[in-house]
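First to last, the protein sequences are chains P and R.
Here the first sequence is numbered in the working numbering, starting from 562 and rising by one per residue.
Here the second sequence is numbered in the working numbering, starting from 17 and rising by one per residue.
Below is one structure, written out as structure tokens; comments come after it.
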Amino acid sequence: MRIVIAEDTVLLREGLAGLLEDAGHEVVARVGDAGALMAVVAEHEPDLAVVDVRMPPDYEDEGMRAAADIRRDHPDTGVLVLSQHVETRYALELVGTGGFGYLLKHRVLDVDDFLDAARRVNEGGSALDPEVVATLLSPQPRDDTLGELTPREREVLALMAEGRTNAAIAKRLWLTERTVETHVRSILGKLGLPVSGDDHRRVLAVLTYLRASTV
Amino acid sequence: MQYRSWLWPVLPTSPPPLASLVEEVSVDVEQRFGGSTVARDPPLHENDGVRIAPSVIAWCLALAALAMIAGGVLLDLIAAEQHVPDSGSAWLYPFLVTAVSAPAAVGALIVSRRARNPIGWILVVGALSLAAVLAATPYALVALEAHPGSLPGGSWAALVSSLWPVFFAWPLAVAFVFPDGRLPSPRWHPYALFAACAMTLLFAVLLVSDELESPFADVPNPVSLRLPDAVGFLRPLAWLSVFGSLIVGAAAIRVRYRRSKGIERLQMLWLAYAALLIPLGVVWFLVLALAVGDAGSDNAALAFLLAMEAAVAIAVGVAVTRYRLYDIDRLINRTLVYGVLTASLGLLYALVSLLAGVAAGRGSTWVTAVAVLVVAAAFRPLRSRAQAAVDWRFDRVRYEGLRRMRTFVDDVREGRREPEDVGAVLADALRDPGAELLFRLPESDAYADRLGTVVARPSDSERAVTSVEHRGQEIGLLRHKRALLDRPDLLRSVLAAASLAVEIARLRVEVRLQLAEVEESRARVVRAGYEERRRLERDLHDGAQQRLVTLGIVLRRLQRSLPREAQILGPALGSAVDEVGEAIEDLRTIAAGVRPPRLDEGLAAALADLARAAPVPVDLEATDDRLPEEVEAAAYFVVCEAVTNAVKHGSPSQVRVEATVTNGSLRLLVVDDGSGGAKVAGGTGLMGLTDRVEAQGGTLLIESPVGAGTRIEVEIPCGS
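See below:
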């Protein structure tokens, strides 16, 4: 993958670049703010941009806004946003469109997961931090459909929402892919969502559903 | 429009410049209640060694007048020794001395204090000429009759004595230019000229006529012109003209009074009060004429003239120097009260004497004793009745105003009315609906209205401003219509009656303002606390956490790039990374405790995180509305504290949290089914919670019966 990194803390930026290069990816540009990010994305048309949420000059949500711009102007470039803490305001809107991931920064330490998320986002899939998923799956007084799910189904649903494929879910829960598929079909049935063979589409449907029921 | 008045002879000062006259009549509001404060004119001339100060000249002339009248008295006593007719009326001496000394002293005083006002000179010169005329009579009596030949110029003295109408000269002059030393308007110039001509003509006729005035009718006039009988009409014409001038002078005073306001009205009132002596004098004259007979009536008339002269001089003095100027209303009021009182007491005495006389027989000492006793007993109630009657009859506004104010102060004392209403009552009592009372805040030297709104000191513009004082301190300002300046007695007495209520109201307003300030500062402190938390949270997330993540990445890369022979280090590096991960988790927990970052997304998001993290099920219903930042922060920490408290002390199975916005305030409800019995006492979390809520101007209600759970209800105004 050809990757650009936007992160204002130099050491962290170099660390991230190192991790990605160790995994065989090519880091084509490293920048420290949103303006430079837009420039290098336009220049290199990379496969993926890894973006810090807070960057100069205001340290608010420059990264998130740049991510939205990139998704709009360069649909072939996936964006993986890294954040210091959970902030769901814009993340949920973007993650529903695919090619977008939102992770807390320290998830990077789980290198394989991180690389997997980067890969999924690059392929047009999604990645959502487990903590964000947890906020989505918390009991909602307005909708108790989620309450009808079995505990196992909730686990599967959470992993689906994180953007994982059936195979990944099976591996993580120590189940066979077949069992996972059964669960998935049951969940989608209970939530009234169309069954689809495409992992990504399925994830998007789930996210859209969760977002609608949260907000 | 400067014009020289004809009236003063040769004055050492030039006519007053316009500016000083404006200064003279301008009303200094601050000084209105100063009473005796009299602004002194600056010295007129630099002392260049040659000029003599006008005041010195004036005092010398005054002393000369006094010396002259004293000499006159002495000569009269000498004449009386020889039993010369028309001499030796000793009772007249005080009148003579007073009639000269009063205008002399007042005139000299006015010259030294208000050098630019010619009235001082008019009085001094008037007193001097009066003294000359008055002293000339005994001089002539001694020189011509008691000891003929002992003194020179006896017939000349008799001639001077004949000029007695000089009595009218200075009062007439004053009538035209009182109180500021100028004619009422330039239109009056011809009238003044006429009066001057009349006076001059009279003096001329008297000077050159064949026959001198009584008692020197048989003394030959040394300057007689032996005018033909054909011009005999001049004498009555001169007298007629002088009387006409006196009427014109009275008209000038009337015109002045009718257009006078404020200080000038009071000045005119003083003159009018002195003029009251004229009808009294007529009565006195008639009584004397009846009692003493024709012989005494000449002297009686003289005494009356002299008394009037003195009274007018004193009144003019008060008016021009403004010393105790404001007492005139009270003086008139008192005169009326004591006049009525004396009359009614006399009537009462007569009535009781008559009745008791009938009962006890004439001439009994009991009659007098009983009458005196009755009169003494009736004095006090009669006096207050007379006072009320006079107030009611002659000054209804003041009477009503004072009554209302006193009733109000009583009501305040009894707790029936709020002291802050004093402004409205003042407006009512002074009959000025637009009157506005401001309380003075001594610490900030500012003013506040009854609601505690701080305002700047109002200027004395289209409405007048009068300060309200209590024990010599300014405690407030009253803005009122300018017309009230003409009633300083009304203003002063009503404000004096109101001052205690004003002071109480002022103190209350002050306390309320200070309380508001304390509350504001507490809110500021709390707000600063929230801001500090936010900054700390950012530092933790963007600083320490980033460094830990960086460290973790370095370790992870190290672990993943170990050469085959160093693989043994892999697990150790792995657990180091895990340790870093733990540290990050700890840090995030701490940061979230300092301030949950999701507060940025709104109260609902932050509370949802809180509910998810709670160790017991939390049933949450929160508004999605965005509220002011510090309201959201306060609400979050209140709920956080309440839930923590519930879990810690009540071990509930379920907590219900509600956050709703109704009518511009945020209502929070935290209900648990725990053991209850929570108390707001020092040191518990609930105390801090109360502080937080109150700092936002909110209220907190805790119901926690033992064994029946705890219900905390909070309301915070949020302006949406």
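Note that beta-carbon positions come from the ideal geometry of N, C-alpha and C, so glycine has one too.
Predicted, not measured: the structure shown is a model, and the values here were computed from it.
Decide if the segment 480 to 497 of chain R is in contact with the segment 440 to 454 of chain R; the criterion is three or more beta carbon pairs, one per stretch, under 8 Å apart.
-> yes
Would you identify the three-state DSSP class for residue 674(P), choosing helix, strand or coil?
-> helix
Bridge partners of residue 252(R), per DSSP?
-> The partner list for residue 252(R) (beta bridge, DSSP) is empty, contrary to what the question assumes.
Is it buried or exposed for residue 99(R), if we count other Cβ within 10 angstroms and need 16 for buried?
-> exposed
Counting only beta-carbon atoms, is residue 617(R) nearer than 8 Å to chain P?
-> yes
Measuring only between beta-carbons, confirm whether residue 567(P) sits less than 8 Å from chain R.
-> no
Neighbour-count burial assignment, residue 469(R), 16 or more Cβ in a 10 Å radius = exposed
By Cβ distance below 6 Å, which residues in the same chain neighbour residue 719(R) in space, the five residues on each side in sequence not counted?
-> 727
Contact between the segment 140 to 152 of chain R and the segment 101 to 119 of chain R: three or more CB pairs below 8 Å?
-> yes
Within 10 angstroms of the Cβ of residue 581(P), are there 16 or more other Cβ atoms? Answer buried if so, exposed if not.
-> With 16 or more other Cβ atoms within 10 Å, it is buried.
Whole-angstrom distance between residue 455(R) and residue 629(R), CA atom to CA atom | 55 Å
Where do the ends of the alpha helix (DSSP H) carrying residue 562(R) lie?
-> 562 to 576
With 8 Å as the C-beta to C-beta threshold (strictly closer), list the residues of the segment 563 to 589 of chain P near chain R in chain order.
-> Contacts with chain R (Cβ-Cβ distance below 8 Å) from the segment 563 to 589 of chain P involve 570, 572, 573, 576, 577, 579, 580 and 583, listed in chain order.
Could you have a look at residue 744(P) and say whether DSSP puts it in helix, strand or coil?
-> helix
Out of curiosity, what's the CA-to-CA distance linking residue 676(P) and residue 624(P)?
-> 20 Å
Between the Cα of residue 221(R) and the Cα atoms of 202(R), 180(R), 723(R) and 682(R), which residue gives the shortest distance?
-> Between residue 221(R) and the set 202(R), 180(R), 723(R) and 682(R), the nearest pair of CA atoms involves 180(R).
Any C-beta of chain R sitting closer than 8 Å to the C-beta of residue 592(P)?
-> no
Residue 117(R), enclosing beta strand (DSSP E) - first and last residue | Where residue 117(R) is concerned, there is no enclosing beta strand (DSSP E), although the alpha helix (DSSP H) it sits in stretches over 109 to 129.
8 Å Cβ cutoff, residue 719(P) in contact with chain R = no
Are there three or more Cβ pairs, one per stretch, closer than 8 Å when the segment 582 to 589 of chain R is compared with the segment 601 to 614 of chain R?
-> Fewer than three Cβ pairs drawn from the segment 582 to 589 of chain R and the segment 601 to 614 of chain R lie within less than 8 Å of each other, which leaves the two stretches out of contact.
Span separating the alpha-carbon of residue 219(R) from that of residue 337(R) = 32 Å
Quick one: grab the DSSP three-state call for residue 171(R).
-> helix
Simplified DSSP state of residue 534(R), which is helix, strand or coil = Residue 534(R): helix per DSSP, three-state reduction.
Tell me whether residue 249(R) is buried or exposed, calling it buried when 16 or more other Cβ atoms sit within 10 Å of its Cβ.
-> Taking every protein chain shown into account, the CB of residue 249(R) has fewer than 16 other CB atoms within 10 angstroms, so this residue is exposed.
Beta-ladder partner(s) of residue 639(P), from DSSP | Paired residue(s): 609(P).
In the structure shown, what three-state DSSP assignment does residue 739(P) receive?
-> helix
Could you tell me if residue 773(P) is buried or exposed, where buried requires 16 or more neighbouring beta carbons within 10 angstroms of its beta carbon?
-> exposed
Three-state class that DSSP yields for residue 590(P) in the structure shown = strand
At a CB-CB cut-off below 8 Å, which residues of chain R make contact with residue 648(P)?
-> Those are 613, 614, 616 and 617, listed as they occur along chain R.
Contacts of residue 761(P) in chain R (Cβ-Cβ under 9 Å) | Neighbours of residue 761(P) across chain R, judged by C-beta separation under 9 Å, do not exist; the nearest C-beta is about 27 Å away.
Bridge-paired residues (DSSP) for residue 486(R) = Residue 486(R) is bridged by DSSP to 489(R).
Taking just the CA atoms, how far does residue 346(R) sit from residue 406(R)?
-> In a straight line, the C-alpha of residue 406(R) is about 11 Å away from that of residue 346(R).
Just to confirm, are residue 325(R) and residue 83(R) a CB contact at a threshold of 8 Å?
-> No, these two residues do not count as a Cβ contact at 8 Å.
Residue 46(R) CB to nearest chain P CB: under 8 Å?
-> For residue 46(R), the predicted model reports a pLDDT of 36, less than 50, meaning its position is unreliable and no value from the coordinates is stated.
If we count the other Cβ atoms within 10 Å of its Cβ and call it buried at 16 or more, is residue 703(R) buried or exposed?
-> Per the 10 Å Cβ criterion, exposed.
Cutoff 7 Å; reference residue 656(P); Cβ partners in own chain excluding five residues on either side = 663, 687, 689 and 768
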